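Engineer:
There are 4 protein chains.
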Amino acid sequence: MCRWLAYSGSPVSLEDLLFKPTNSLVVQSKHSRLGAETTNGDGFGVGWYSAQPNPGVFRSTEPAWNDRNLRELSVHARSGRVFAHIRASTGTAVQQSNCHPFRHDRWLWMHNGLIRDFPAVKRDLALAVEPGLFPDIEGSTDSEVFFYLALTFGLEQDQPAAVASAVGFIEDVGRRHGIENPIQMTVATTNGDTTWAFRYSSEGVSRSLFRSTDISTLQAHFPDNVLLQGLSEDARLVVSEPLGDLQGAWEEVPESTCLVVHGGEADFLAFSPTAA
Amino acid sequence: MCRWLAYSGSPVSLEDLLFKPTNSLVVQSKHSRLGAETTNGDGFGVGWYSAQPNPGVFRSTEPAWNDRNLRELSVHARSGRVFAHIRASTGTAVQQSNCHPFRHDRWLWMHNGLIRDFPAVKRDLALAVEPGLFPDIEGSTDSEVFFYLALTFGLEQDQPAAVASAVGFIEDVGRRHGIENPIQMTVATTNGDTTWAFRYSSEGVSRSLFRSTDISTLQAHFPDNVLLQGLSEDARLVVSEPLGDLQGAWEEVPESTCLVVHGGEADFLAFSPTAA
Amino acid sequence: MCRWLAYSGSPVSLEDLLFKPTNSLVVQSKHSRLGAETTNGDGFGVGWYSAQPNPGVFRSTEPAWNDRNLRELSVHARSGRVFAHIRASTGTAVQQSNCHPFRHDRWLWMHNGLIRDFPAVKRDLALAVEPGLFPDIEGSTDSEVFFYLALTFGLEQDQPAAVASAVGFIEDVGRRHGIENPIQMTVATTNGDTTWAFRYSSEGVSRSLFRSTDISTLQAHFPDNVLLQGLSEDARLVVSEPLGDLQGAWEEVPESTCLVVHGGEADFLAFSPTAA
Amino acid sequence: MCRWLAYSGSPVSLEDLLFKPTNSLVVQSKHSRLGAETTNGDGFGVGWYSAQPNPGVFRSTEPAWNDRNLRELSVHARSGRVFAHIRASTGTAVQQSNCHPFRHDRWLWMHNGLIRDFPAVKRDLALAVEPGLFPDIEGSTDSEVFFYLALTFGLEQDQPAAVASAVGFIEDVGRRHGIENPIQMTVATTNGDTTWAFRYSSEGVSRSLFRSTDISTLQAHFPDNVLLQGLSEDARLVVSEPLGDLQGAWEEVPESTCLVVHGGEADFLAFSPTAA
């Protein structure tokens, strides 16, 4: 059920980020180590910020391991803030508009997990989306409706509070439909300056999530690692699973946590849904 | 803005129907003679009934003139009831779930035209869809929401009345949003036994629509025409534009009309929207 | 490196054949049990014979597990002779013209395995193809060149001899280029009446290959198995790996063997390459 | 039969180049004014140079007017040297490996036109390709074989001479097969520093080709044109057809000419094929 990566720091080649690591996201698309599904071949997406105000989004329904254009873009694009996602559909159609990350103005959003029994709650959730935002929903996934709920609840103003409200609302609607554990999620969202990553599930057994540890210590230990050596001190990665076997490079994000990454700061906040 | 074809009669090769006529639907995909757009290259779809209760639907985002699988399927499939549609998007994404015909159980639906200013009215229209049907909406087009409104208003029971109610509702919502001519349409729908075709627009200047005239007369006049000679006496075609230049072969469907094709019968009913 | 299935017998639904078995070919596309690769997601193809002289071929670059049109076709098409193939590319591009089965007039051909170091020998192999056939090569795979070599060496006249000559030639060219084990293969080919299946590799350790055992015994043992009950007595399957766990249903095809399936007969012939 | 554009000069946004002009290449993909075909919807490609030694190539089988990823890439990529091509197939498959521009190391190549009766001469032409280059041919087009012939005849050393030899060879092979006018072409090739553009056909009636005139004069005349104002004095465009109606902006490239663009210099050389 999907794997993702969020990078911020000095501009890096997308190729270094997405293809070169031992357990890169492209490798995970065929053989995920920690995912609920080993194959994440139902499309992928990359969001990246350049000199433009809004990020670019390149999405495709092909498996990431096969897409030649992804490789071409990755060799030639550099960015200081990158979101990338590989998809394992939980039932909705494999089409570009269902690939993550989703974009709204400056904002990107990607999700690993699911809203359980989505067909049963889809209408109630969609109706709660701010009417002015409703026509912007392009695809048919739970993840995109979740994004638009977060926007409705104020994502552009107070991110942890908006996501807490959206999750609280989803859990409330789900329980009213008799669904025991309405949501399972790791989510990342960014406005291009700060990244917020969430790990939560109604059942308290959430999908895996890791953040990179201090880059300068790692650079000292692994002087031959090309990706590491190119990174600035404030570079930070948040990933569904470690990109390789470097000991000490990765730290698990705890359950029910929001990780806020701004420059070199990466702070944990406790996260719990807000009752509707 | 799209072209379509609805066939009923003795089982025919899809190739004879879709590829062989001079101005076949596949030819129209590149060079429509009468369409609002000359190019209808934003995907296509074919629905056909076989021995199964529900029809098959083959849809693709490639232009029909390029799709090799469409040609293969057409050579090998025969059917006594075929819907085919080529798309010129009016703005929504080019993806399989936006290609016509749409299917619900035994029912097929295809549309040429548009609901004007759809983003402005989409939410109001979607909310009116029967809640149990809502999660079945897979794509993002006006045409599919129109189908689900018709189902909501009783398409499976009384087809002309259901479409009249759906159109009346769409016009009412549109006018409340200040949209002058809310709908432009030729629509075909079938349950596998009868086909209903509608020609209507709020402004009274509707997209072109034709029905074939008596087959036996045509067969006598054109003894060398392969498609014609293979047809049973009760074969009927309803098309956005004539498939060739056979004089006398095609008769225009009048404005504000519902054409009901059942066996060899093809009767005109007056059509007008029902006020909500 | 690919999995395939060859069916002959009473007309069956492609859905029963490709989707319904426990370890169906579509299941194998994501999780092969015995393949060199567990994921066979680099496209697929189905070839089937209908009333037309030449078979239809439906090929796509999407993973088989995702392709909606494959499912639609499978529900509605029935055939008494079906070839199906799921691809794991050994390096050449993922494009329709590289998907198996390949077709030449009435003939189909599909291959699991590879010609080793194909770039080094491609030119020598392509030059040996009959000049009149050369322009019909559409893709860039080793498997298609192998097919055209077999046609050049007389596939339409004496199938085991033609394949033996083609393999002998490939081994000879490979060894002249210093390649130790030039070919690894299971291959199936048919003219619509008889199927020839080959299991061979230069190193004598070939990809897995199985044939179904006597259908009537199996039908007696498994009265609830839907696919089995619909089959005629002369139905025969040749598969890269068993489609389920029915004990006694599958028999391994020995190394260096050609299996000839004609009606209910399925005979083993010894197979060895013919020196050029 | 295809349209193309070659840009060199100060780095520009691909969006300004490919989407914003009145008669942009993307507009031409649906409605070409001067092309042999009005619709060029059989795929497209963009090649662009960044900080990497070799150019990036983004190619797709979708019509350019529909491809969302082309638009995303165009908004975010800037380059001082861009090749772009929209395809109208003359018969070969619509697949990525048949989309222009083709790349070999630092070199790009794109072609509008055709080698007549290509199936008849394909083998003779392919055999003349340098054996070491032969396995790099990935697709099935005449245009790619033409590129590899040019490379074989020394494209990396003396470009006008290599193309003259390749064309001479193609005409010779064609005539030996009884083909009256073996080649029709406008071609562009670049190594990232210089662009060579050729206009030639055996019959002396070649596809249209234009170059931009002096930029500073144009900038003075059209102070409101966004694309123009962003260009350096040495910016040069070579295009199949003018990108708009600016009077005096475009000059036709004469028949049988090679145009060499290096920095602000754009010189005409007479071009004629070299007898083999």
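Protein chains in written order, with the numbering used here: chain A, 1157 to 1432; chain B, 1157 to 1432; chain C, 1157 to 1432; chain D, 1157 to 1432. From the three backbone atoms N, C-alpha and C, an ideal C-beta is built for every residue, glycine too. Predicted, not measured: the structure shown is a model, and the values here were computed from it.
Along the chain, where does the alpha helix (DSSP H) containing Pro1257(B) start, and where does it finish?
Structural biologist: No alpha helix (DSSP H) holds Pro1257(B); DSSP gives it neither H nor E.
Engineer: If we call anything under 8 Å between Cβ atoms a contact, is Gly1348(B) one with Arg1262(B)?
Structural biologist: The answer is yes: Cβ separation under 8 Å.
Engineer: CB Phe1274(C) to CB Trp1265(C), shorter than 8 Å?
Structural biologist: Contact: no.
Engineer: Have a look at Arg1331(C) and Ser1357(C) and give me their C-alpha separation to the nearest angstrom.
Structural biologist: When rounded, the distance between both Cα atoms is 14 Å.
Engineer: Per DSSP, which residues does Cys1414(B) bridge with? Please list them.
Structural biologist: For Cys1414(B), which the question treats as bridged, DSSP gives the partners Phe1354(B) and Leu1425(B).
Engineer: Roughly how many angstroms separate the alpha carbons of Ala1233(D) and Thr1369(D), rounded to a whole number?
Structural biologist: Rounded to the nearest angstrom, the two C-alpha atoms are 25 Å apart.
Engineer: Quick check: what's the CA-CA separation for His1241(B) versus Glu1408(B)?
Structural biologist: If you take the alpha carbons of His1241(B) and Glu1408(B), they lie about 19 Å apart.
Engineer: Just grab the DSSP bridge partners of Tyr1163(A) for me.
Structural biologist: BP columns for Tyr1163(A) point to Val1238(A) and Leu1393(A).
Engineer: Can you tell which of Gln1340(B), Phe1366(B) and Leu1281(B) has the C-alpha that lies nearest to the C-alpha of Thr1246(B)?
Structural biologist: Of the listed residues, the one whose Cα sits closest to Thr1246(B) is Gln1340(B).
Engineer: Out of curiosity, what's the CA-to-CA distance linking Glu1397(D) and Thr1194(D)?
Structural biologist: If I take the Cα positions, the gap works out to 12 Å.
Engineer: Suppose you measure from the CA of Ser1296(B) to the CA of Gly1419(D); what does that come to, to the nearest Å?
Structural biologist: Near 48 Å, if we compare the C-alpha coordinates of Gly1419(D) and Ser1296(B).
Engineer: With 16 as the cutoff for other CB atoms within 10 Å, does Asp1423(A) come out buried or exposed?
Structural biologist: Exposed is the call here.
Engineer: According to DSSP, what are the bridge partners of Thr1342(D)?
Structural biologist: Asn1268(D) and Arg1355(D), per the DSSP bridge assignment.
Engineer: With DSSP as the reference, label Phe1366(D) as helix, strand or coil.
Structural biologist: Correct three-state label for Phe1366(D): strand.
Engineer: Would you give the residue range spanned by the alpha helix (DSSP H) that Arg1227(C) belongs to?
Structural biologist: From DSSP, the alpha helix (DSSP H) with Arg1227(C) extends over Arg1224 to His1232.
Engineer: Mind checking whether Pro1167(D) and Ser1230(D) have CB atoms under 8 Å apart?
Structural biologist: Not closer than 8 Å, so no.
Engineer: Where does Thr1178(D) land, buried or exposed, given buried means 16+ other C-beta within 10 angstroms?
Structural biologist: The residue is exposed, with fewer than 16 neighbouring Cβ atoms inside 10 Å.
Engineer: Starting from the beta carbon of Phe1214(D), find every residue of chain A whose beta carbon is closer than 8 Å, and list them in chain order.
Structural biologist: Simply Asn1225, Glu1228 and Leu1229.
Engineer: Interface residues of chain A around Ala1249(B) at Cβ under 9 Å?
Structural biologist: Simply Gln1251, Gln1252, Ser1253, Glu1294 and Gly1295.
Engineer: For chain B, check one thing: does any of its Cβ atoms lie closer than 8 Å to the Cβ of Phe1325(A)?
Structural biologist: It does not; no Cβ of chain B falls within 8 Å.
Engineer: Quick check: what's the CA-CA separation for Gln1385(C) versus Ala1344(B)?
Structural biologist: Answer to the nearest angstrom: the Cα atoms are 40 Å apart.
Engineer: Run through DSSP, which three-state label would Phe1303(B) get?
Structural biologist: The answer is helix: DSSP assigns Phe1303(B) an H, G or I state.
Engineer: On the DSSP bridge list, what partners appear for Val1202(B)?
Structural biologist: BP columns for Val1202(B) point to Phe1214(B) and Ala1240(B).
Engineer: In whole angstroms, give me the CA-to-CA distance for Trp1204(D) and Val1183(D).
Structural biologist: So the alpha carbons of these two residues sit roughly 20 Å apart.
Engineer: Just checking my contact of Pro1316(C) with Leu1425(C) at CB under 8 Å: how many whole Å lie between their CB atoms?
Structural biologist: With a Cβ gap of about 6 Å, Pro1316(C) and Leu1425(C) count as contacting.
Engineer: From Val1329(B), Leu1387(B) and Ala1431(B), pick the residue whose C-alpha is nearest to that of Asp1172(B); which is it?
Structural biologist: The residue with the shortest Cα to Cα distance from Asp1172(B) is Leu1387(B).
Engineer: For the candidate residues Ser1185(C), Phe1427(C) and Leu1399(C), whose alpha-carbon lies nearest to that of Glu1136(C)?
Structural biologist: There is simply no residue 1136(C) to check, as chain C begins at 1157 and stops at 1432 in what is shown.
Engineer: Can you confirm whether the region 1215-1228 of chain B touches the region 1272-1288 of chain B when touching is taken to mean that 3 or more C-beta pairs between the two stretches lie within less than 8 Å?
Structural biologist: No, because fewer than three Cβ pairs between the region 1272-1288 of chain B and the region 1215-1228 of chain B fall closer than 8 Å, the two stretches do not touch.
Engineer: Mind checking which residues open and close the alpha helix (DSSP H) that includes Glu1171(D)?
Structural biologist: Residues Leu1170 to Leu1174.
Engineer: Specify the secondary structure class of Glu1327(D) as computed by DSSP and reduced to three states.
Structural biologist: The answer is helix: DSSP assigns Glu1327(D) an H, G or I state.
Engineer: Taking only the alpha-carbon atoms, compute the straight-line gap between Asn1196(A) and Phe1290(C) and give it to the nearest angstrom.
Structural biologist: Cα-Cα distance, rounded: 38 Å.
Engineer: Determine the closest residue to Ser1180(B) out of Thr1430(B), Leu1402(B) and Val1416(B), with distance taken between C-alpha atoms.
Structural biologist: The option with the nearest alpha carbon to Ser1180(B) is Leu1402(B).
Engineer: Please go through the same chain and pick out, in chain order, the residues whose beta-carbon is closer than 8 Å to the beta-carbon of Val1277(D), but skip the five residues on each side of it.
Structural biologist: Counting only Cβ-Cβ distances below 8 Å, and skipping sequence neighbours, we find Ile1271, Ile1326, Val1329, Gly1330, His1333, Ile1335 and Pro1338.
Engineer: Taking the CB atoms as reference points, tell me whether Ala1405(D) and Leu1374(D) lie closer together than 8 Å.
Structural biologist: Yes, the Cβ-Cβ distance between Ala1405(D) and Leu1374(D) is below 8 Å.
Engineer: Would you tell me roughly how many angstroms separate the C-alpha atoms of Asp1323(D) and Thr1342(D), rounded to the nearest one?
Structural biologist: First, the amino acid is wrong: residue 1323(D) is Val here, not Asp. So the alpha carbons of these two residues sit roughly 12 Å apart.
Engineer: Excluding sequence positions up to five away, which residues of its chain have a Cβ less than 8 Å from the Cβ of Ser1185(A)?
Structural biologist: Hits under 8 Å: Arg1159, Thr1195, Asn1196, Gly1197, Phe1200, Pro1219, Ala1220, Trp1221 and Ile1242.
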